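**Student:** Submitted below is the structure of interest, expressed as structure tokens.
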Amino acid sequence: MILKTGMTTWLILGIMMVMQHVYVARHLFPLWQQREGEKYFVITASAAGLLTQVGSLPYSVTKHAAVSIAEWYRITYADFGIRVHCLCPQAVQTGMVPEGSGGGVAGGDGVIKPEVVADDVVRAMQEGKFLVLPHAEVLKYYQRKASDYDRWLAGMGRLHKSFGEWMRRSPPMSAAKL
-19 MILKTGMTTW LILGIMMVMQ HVYVARHLFP LWQQREGEKY FVITASAAGL LTQVGSLPYS
41 VTKHAAVSIA EWYRITYADF GIRVHCLCPQ AVQTGMVPEG SGGGVAGGDG VIKPEVVADD
101 VVRAMQEGKF LVLPHAEVLK YYQRKASDYD RWLAGMGRLH KSFGEWMRRS PPMSAAKL
């Protein structure tokens, strides 16, 4: 079922969730390299970019790519004063989260308001932190993933099984809703 994702969906998600960061940077970074002052670039990658998204291969792949782009920009453009931040929330109360769903797989640690995310982004900018993690649990999960990858994979397999029935009943998330 997951491997049946059509090429059109892959292309749309690739452009929407990956190439957008390339297109914007291609326009802004040359201009920013020529000017003084503060320059901030925030890439929204989702916690799925650090971990994975149970049930959505294209989402997982594109969000991992977004994290990689953010890392590369941070390393490459820091000397030009461009401050790159990578936003990795779990469920946020937006149009992507169906009413009454509790955020689905991403909502396990709660659905937060956009205002909370905005405050966290501003704080990360002020503190110069690369990762913006509105759900504090994401850092713990990421550290666990790094410290024992096989154990983490087994745990994600259990999470996948526990959400399997919910995911079968849920309509597929449409790129048009994003």
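Take -19 as the starting number for the sequence shown in the working numbering and just add one per residue.
From the three backbone atoms N, C-alpha and C, an ideal C-beta is built for every residue, glycine too.
The model shown is predicted, which means the values in this text are computed figures rather than measured ones.
#1: For the beta strand (DSSP E) containing Thr42, list its first residue and its last residue.
#2: Using the Cα positions of Lys141 and Gly(-6), report the straight-line distance between them to the nearest angstrom.
#3: Whose CA, out of Thr56, Ser127, Thr(-12) and Glu117, lies closest to the CA of Pro38?
#4: Expressed to the nearest angstrom, what Euclidean distance is found between the alpha-carbon atoms of Thr74 and Val91?
#5: Give me the Cβ distance between Met(-3) and Thr32, rounded to the nearest whole Å; I'm assuming they're in contact under 8 Å.
#6: Whole angstroms are fine: how far does the CA of Arg131 sit from the CA of Val96?
#7: With distance defined between alpha-carbon atoms, name the residue in Ala104, Glu107, Val102 and Pro114 nearest to Lys93.
#8: If I'm right that Tyr129 touches Leu30 with Cβ under 8 Å, what's the distance once you round it to whole angstroms?
#9: Could you compute how far the alpha carbon of Tyr3 sits from the alpha carbon of Gly61?
#10: Would you identify the three-state DSSP class for Thr24, choosing helix, strand or coil?
**Tutor:** Let me spell this out:
#1: Counting along the chain, Thr42 falls outside any beta strand (DSSP E), though it belongs to the alpha helix (DSSP H) covering Leu37 to Tyr57.
#2: When rounded, the distance between both Cα atoms is 27 Å.
#3: For the residues Thr56, Ser127, Thr(-12) and Glu117, the minimum Cα distance to Pro38 belongs to Thr(-12).
#4: Looking at the two C-alpha atoms, the distance is approximately 9 Å.
#5: The C-beta distance from Met(-3) to Thr32 rounds to 14 Å, too long to meet the 8 Å contact threshold.
#6: Cα-Cα distance, rounded: 31 Å.
#7: Nearest C-alpha to Lys93: Pro114.
#8: With a Cβ gap of about 13 Å, Tyr129 and Leu30 do not count as contacting.
#9: Each residue's alpha carbon lies about 19 Å from the other.
#10: Of the three classes helix, strand and coil, the one that applies to Thr24 here is strand, per DSSP.
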